[in-house]
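J.: Mind having a look at this structure? Questions to follow.
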Amino acid sequence: MEQTQIPFGMLLQKAVRIRTHILEMLAEAKSGHPGGSLSAVEILVSLYFYKMRHDPKRPDWPDRDRFVLSKGHAAPVLFATLAEAGYIPISELKTLRKLNSRLQGHPDHRVPGVEFPGGSLGIGLSAAIGMALAGKIDKKDYRVYALLGDGELDEGETWEAAMAAPKFKLGNLTAIIDRNGIQQDGLTEQIMPMEPLAYKWKAFNWHVLEVDGFDLRQVIEALEKAENMRNRPTVIIAHTVKGKGVSFMEWDPAYHGKAPDKDTVKKLVESMRNQ
Amino acid sequence: MLGLMLVQMSSMRDALAEALLELGSKDQRIVVLGADTSVSIKTSLFADRYPDRFFNVGIAEANMIGIAAGLALAGKIPYVSTYSAFVPGKCLDQIRNAVAYPNLDVKIVSSHGGVSVGPDGASHQTVEDVAAMRAIPHLRVILPADAPSTRVLIEESWRTPGPFYIRLSRPSVPEVYSSRPDLKVGHVKVLKEGTDVAIIACGVMVNAALEAGESLAKEKISAEIVDCHTLKPLDADTIVGVARKTGGIVTAEEQNIIGGLGSAVAESTSSSYPVPISMVGVRDTFGESGEYKELMAKYGLTSKDIVRAAKKLVASR
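Here the protein sequences come in this chain order: A and B.
Reading the first sequence from the start, the letters are residues 1 to 275 in my numbering.
Reading the second sequence from the start, the letters are residues 276 to 592 in my numbering.
Right, dumping it as structure tokens:
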């Protein structure tokens with residue numbers, strides 16, 4: 001197995017690199033979804049560089065942990081993370097959304113390391129359940145992680161899946177909700193109120209944890225706690241900020257699906273690197 | 276020939292259950308998913324034999340397809356089964372994005388297709404499923420004619436990697452094939468040679484096509500009868516050959532003629548060897564409650580309808 005875990009102190013640096021990749025690739029593509037990509041950076045960093053058992057040289061390794069990006073519009077954060085981990089060349093990131101590129105607007109199987117094509121919202125948790133069931137049948141100890149958007153929870157299939165995972169006693173499944181509070185049309189609590197969110201998942205018999213989604217220590221501790229659950233799935237509600245790291249994007253629903261221009265990104269990246 | 280024989284009736288669902296039991300013993304990768312209809316569809320027999328490889332997700336079809344996708348991604352071969360009104364009816368998105376797009380080894384077997392479902396009425400009948408499934412890239416679309424061919428085609432779906440939509444009908448139907456037929460995905464089966472007109476049918480309409488062939492023979496019309504169990508990928512070479520040989524085609528199907536078998540045959544012949552095509556099928560309408568035979572008569576899905584279409588086509592030349 002490839003050692004993909006890096007020292008805790010270096011995780012922050014990874015997060016900065018991934019944020020700059022996201023901004024640069026979106027500026028190059030001239031379209032895409034910055035807000036929900038930037039809010040999930042620390043979650044993916046915690047998984048790919050600390051928690052998950054995986055090997056970028058063997059994306060099909062049967063014993064690998066699996067990560068399902070259900071909120072597929074956050075493709076930039078996944079591609080940037082896969083590039084930093086060594087699944088794809090960093091130079092390829094600039095081909096995002098371009099004709100003949102593997103890096104589609106929403107992730108698919110052309111890209112090594114992508115486990116599931118999550119473009120249409122609401123399906124990823126179901127697919128993660130399928131992978132977790134297969135792990136149990138095969139008596140393998142791999143874990144399955146699914147990242148869901150909070151707006152995505154409007155989809156009824158999420159709740160079908162939420163009912164099913166505890167029925168099948170999937171202790172090997174962890175769902176993470178990127179609770180950034182914003183969806184395309186506005187605030188989640190205005191478009192379709194989700195609160196009390198933790199109570200909903202508790203009522204569905206999940207092991208529920210809440211963390212600050214930018215505090216790497218909290219995220220990692222929650223992932224460790226999830227692993228201790230033998231027969232019960234865990235959901236981690238990660239409180240985040242849409243557009244995190246770019247002051248004018250934070251809390252602005254307009255940046256759900258609007259790419260920044262190149263000049264702006266150049267200045268942003270310089271200031272990020274100097275921090 | 277058939278008229279003189281004692282007609283054996285059998286159920287496609289029984290054939291499905293038998294096929295799954297056999298595949299389940301041969302291949303540990305086989306898993307089966309149900310959505311609260313497994314007793315009706317008889318996949319509960321698989322659940323009894325292999326409880327660790329059967330998952331009942333409740334009345335949640337979208338979740339079922341998503342879970343099947345995940346199982347396939349982790350190396351399993353899932354067979355998912357419920358009524359065709361609900362799969363694909365309630366989960367076109369999941370079939371499109373989670374199964375067909377990544378080209379996964381998920382086999383969707385829907386029962387109770389068409390209007391032959393009977394008294395449950397339009398909400399439980401399907402006229403649109405075949406057109407919808409045919410239009411999704413990567414999906415293979417199969418309509419077996421009877422129980423023996425169901426069994427063979429289920430096995431074929433196991434041998435052939437990739438996603439399938441296999442549509443079965445509810446009633447027990449006459450056996451077109453007396454024993455284990457030699458059927459291959461993507462190849463039509465010519466059941467009877469003929470020269471004046473071709474009848475290309477799928478699903479329960481294959482038996483009606485054979486009956487129609489006998490009636491036509493009495494009127495000295497020689498009909499070629501073709502079982503087109505695979506609507507996609509269509510056996511275009513053979514079908515164009517049939518068009519060339521007979522000069523006119525009647526298609527017969529138990530679904531909307533918009534986007535179904537007739538459309539597929541027209542797509543394959545129109546550019547290379549166009550011939551008149553008369554389509555017997557549901558004429559863009561919903562079904563209703565009634566007995567199987569009554570419904571087939573009311574919606575123009577009998578051997579008489581095929582005979583009428585064939586004679587009109589022959590007379591017009």
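Here a beta-carbon is modelled for each residue, glycine too, at the ideal position from N, C-alpha and C.
Computed from a prediction, not measured in an experiment: that's the story for all the values here.
1) Which ranges would you report for the alpha helix (DSSP H) in the stretch 33-120 of chain A if only whole runs of at least 4 residues count?
2) When you check each C-beta in the stretch 106-129 of chain A against every C-beta of chain B, which residues fall closer than 7 angstroms?
3) Report the three-state DSSP secondary structure of M276 (chain B) (helix, strand or coil).
4) Looking at chain A, which residues of the stretch 363-396 of chain B have a Cβ within less than 7 angstroms of any of its Cβ atoms?
5) Looking only at DSSP bridge pairs, what is D212 (chain A) linked to?
6) Please classify G556 (chain B) as buried or exposed, where buried requires at least 16 other C-beta atoms within 10 Å of its C-beta.
7) From I237 (chain A) to S39 (chain A), what distance separates their C-alpha atoms?
8) So what does DSSP say about S385 (chain B), is it helix, strand or coil?
9) Can you give me the start and stop residues for the beta strand (DSSP E) that R409 (chain B) sits inside?
10) Using a C-beta to C-beta distance shorter than 8 angstroms, which residues of chain B count as neighbours of M131 (chain A)?
11) Closest by CA to P196 (chain A), which one among A:M229, A:Q183 and A:D150?
12) So with Cβ pairs under 8 angstroms, would you call G523 (chain B) a contact of chain A?
13) Would you tell me roughly how many angstroms separate the C-alpha atoms of L576 (chain B) and E528 (chain B), rounded to the nearest one?
14) Could you confirm whether any beta carbon from chain B is found closer than 8 angstroms to the beta carbon of A164 (chain A)?
15) What residues of chain B sit near I137 (chain A), judged by a beta carbon separation below 8 angstroms?
16) Report yes if the C-beta distance between S490 (chain B) and L443 (chain B) is below 8 angstroms; otherwise report no.
17) Is the number of C-beta pairs between the stretch 459-472 of chain B and the stretch 484-500 of chain B that are closer than 8 angstroms three or more?
18) Flag this pair as yes or no: are the beta carbons of K14 (chain A) and E92 (chain A) separated by less than 8 angstroms?
19) Under 8 angstroms between C-beta atoms, does A335 (chain B) make it to chain A?
20) Helix, strand or coil, according to DSSP, for I417 (chain B) in the structure here?
21) Can the beta-carbon of Y299 (chain B) be found less than 8 angstroms from the beta-carbon of F330 (chain B)?
22) Closer than 6 angstroms by C-beta to D380 (chain B): which residues in its own chain qualify, once you throw out the five before and the five after it? Chain order, please.
23) Enumerate in chain order the residues of its own chain whose CB-to-CB distance from M276 (chain B) is below 7 angstroms, with the five nearest sequence positions on each side excluded.
24) Exposed or buried, I123 (chain A), counting other C-beta atoms within 10 Å across all chains shown (16 or more means buried)?
25) Within 8 angstroms (strictly less), CB to CB, does V342 (chain B) reach chain A?
26) In the structure shown, what three-state DSSP assignment does Q183 (chain A) receive?
27) Here's the rule: buried if 16 or more other CB atoms are within 10 angstroms of the residue's CB, otherwise exposed. What is E157 (chain A)?
28) Between the stretch 136-159 of chain A and chain B, which residues of the former have a C-beta closer than 7 angstroms to a C-beta of the latter?
29) What does V355 (chain B) touch in chain A if you count any residue whose Cβ is under 8 angstroms from its own?
30) For M1 (chain A), collect the residues of the same chain with a Cβ closer than 6 angstroms to its Cβ; drop the 5 residues on either side in sequence, then sort them by chain order.
31) With DSSP as the reference, identify every bridge partner of N372 (chain B), one or two as the case may be.
32) Ends of the alpha helix (DSSP H) at Q13 (chain A)?
33) Tell me which residues share the same chain as T20 (chain A) and place their Cβ nearer than 6 angstroms to its Cβ, disregarding the 5 neighbours each side in the sequence.
34) Distance, Cα to Cα, P315 (chain B) vs P107 (chain A)?
35) Please list, in chain order, the chain B residues whose beta carbon lies closer than 7 angstroms to that of A15 (chain A).
36) Beta-carbon separation of A290 (chain B) and T401 (chain B) under 8 angstroms?
T.: According to the structure data:
1) 35-38, 41-46 and 75-85
2) D108, H109, E115, F116, P117, G119, S120, I123, S126, A127, A128 and I129
3) What you label residue 276 (chain B) is simply residue 1 of the second sequence in a count that begins at 1. With a pLDDT of 45 at M276 (chain B), under the threshold of 50, the predicted position of this residue should be treated as unreliable, though the coordinate-derived value follows. Residue state, collapsed to three classes: coil.
4) D368, Q369, N372, A373, Y376 and P377
5) Walking along the first sequence from the start, residue 212 (chain A) turns up at place 212. Answer is A:H239, bridged to D212 (chain A).
6) The residue given as residue 556 (chain B) occupies position 281 in the second sequence. Buried, by the Cβ-count rule.
7) As a first step, residue 237 (chain A) is located in the first sequence; it is residue number 237 there, counting from the start. As a first step, residue 39 (chain A) is located in the first sequence; it is residue number 39 there, counting from the start. Near 13 angstroms, if we compare the C-alpha coordinates of S39 (chain A) and I237 (chain A).
8) Taking the second sequence and counting its residues from 1, the one referred to as residue 385 (chain B) is at position 110. Note: S385 (chain B) maps to strand in three-state DSSP.
9) Start at 1 with the first residue of the second sequence, and residue 409 (chain B) comes out as number 134. That residue, R409 (chain B), is in no beta strand (DSSP E); its alpha helix (DSSP H) goes D404 to R409.
10) Against the first sequence, residue 131 (chain A) aligns to sequence position 131. Near M131 (chain A) (Cβ distances below 8 angstroms), the residues of chain B are G345, L346, L348 and A349.
11) For the purposes of this step, residue 196 (chain A) is taken as the residue at position 196 of the first sequence. When only C-alpha atoms are compared, the closest one is A:D150.
12) Position 248 of the second sequence, counted from the start, is the residue given in the question as residue 523 (chain B). It does not: the Cβ of G523 (chain B) has no partner Cβ on chain A nearer than 8 angstroms.
13) Looking up residue 576 (chain B) in the second sequence gives position 301. Looking up residue 528 (chain B) in the second sequence gives position 253. Looking at the two C-alpha atoms, the distance is approximately 8 angstroms.
14) Position 164 of the first sequence, counted from the first residue, corresponds to residue 164 (chain A). It does; some Cβ of chain B falls within 8 angstroms.
15) In the first sequence, residue 137 (chain A) corresponds to position 137, counting from 1. Correct list: V306, D327, R328 and K351.
16) Walking along the second sequence from the start, residue 490 (chain B) turns up at place 215. Walking along the second sequence from the start, residue 443 (chain B) turns up at place 168. No; because the gap between Cβ atoms is not below 8 angstroms, this pair is not in contact.
17) yes
18) Here residue 14 (chain A) corresponds to residue number 14 of the first sequence, with the count starting at 1. Here residue 92 (chain A) corresponds to residue number 92 of the first sequence, with the count starting at 1. Cβ atoms of K14 (chain A) and E92 (chain A): not closer than 8 angstroms.
19) For the purposes of this step, residue 335 (chain B) is taken as residue 60 along the second sequence, with counting starting at 1. With 8 angstroms as the cut-off, A335 (chain B) counts as an interface residue toward chain A.
20) Here residue 417 (chain B) refers to the residue found at position 142 when the second sequence is read from its first residue. Here I417 (chain B) sits in strand by DSSP.
21) In the second sequence, counting from the first residue as 1, residue 299 (chain B) sits at position 24. In the second sequence, counting from the first residue as 1, residue 330 (chain B) sits at position 55. In the sequence under discussion, the amino acid at residue 299 (chain B) is Gly, which differs from the Tyr named in the question. Not closer than 8 angstroms, so no.
22) Against the second sequence, residue 380 (chain B) aligns to sequence position 105. Correct list, in chain order: A347, I352 and P436.
23) Indexing the second sequence from 1 puts residue 276 (chain B) at position 1. Low confidence applies here, because M276 (chain B) scores a pLDDT of 45, under 50, leaving its location unreliable and the question unanswered by this model.
24) To locate residue 123 (chain A), count along the first sequence from 1; it is residue 123. Counting Cβ neighbours within 10 Å, I123 (chain A) comes out buried, since at least 16 surround it.
25) For this step, residue 342 (chain B) is matched to residue 67 along the second sequence. Checking the sequence shown, residue 342 (chain B) turns out to be Ile, not Val. Interface residue, yes.
26) Translated into positions along the first sequence, residue 183 (chain A) becomes position 183. Correct three-state label for Q183 (chain A): strand.
27) On the first sequence, residue 157 (chain A) is found 157 positions in, with the first residue counted as 1. By the 10 Å Cβ count, E157 (chain A) comes out buried.
28) I137 and E157
29) Counting from 1 along the second sequence, the entry for residue 355 (chain B) is found at position 80. Simply none; closest approach about 11 angstroms.
30) Taking the first sequence and counting its residues from 1, one reaches residue 1 (chain A) at position 1. In this predicted model, M1 (chain A) has a pLDDT of only 49, less than 50, meaning its place in the structure is not dependable; the value taken from the coordinates is given anyway. Cβ within range, chain order: D55.
31) Numbered from its first residue, the second sequence carries residue 372 (chain B) at position 97. According to DSSP, which records beta bridges pairwise, N372 (chain B) is partnered with nothing at all.
32) Taking the first residue of the first sequence as 1, we reach residue 13 (chain A) at position 13. Looking at the DSSP string, the run of the alpha helix (DSSP H) that includes Q13 (chain A) is F8 to A29.
33) Within the first sequence, numbered from 1, the residue matching residue 20 (chain A) stands at position 20. These residues qualify, in order along the chain: V269 and M272.
34) Here residue 315 (chain B) is taken as the residue at index 40 of the second sequence, counted from 1. Here residue 107 (chain A) is taken as the residue at index 107 of the first sequence, counted from 1. Before going further, note that residue 315 (chain B) is Ser rather than Pro in the sequence given. Taking the straight line from one Cα to the other gives about 38 angstroms.
35) In the first sequence, the residue the question calls residue 15 (chain A) occupies position 15. Result: empty, since nearest Cβ-Cβ is about 28 angstroms, beyond 7 angstroms.
36) Numbered from 1 along the second sequence, position 15 holds the residue referred to as residue 290 (chain B). Numbered from 1 along the second sequence, position 126 holds the residue referred to as residue 401 (chain B). Contact: no.
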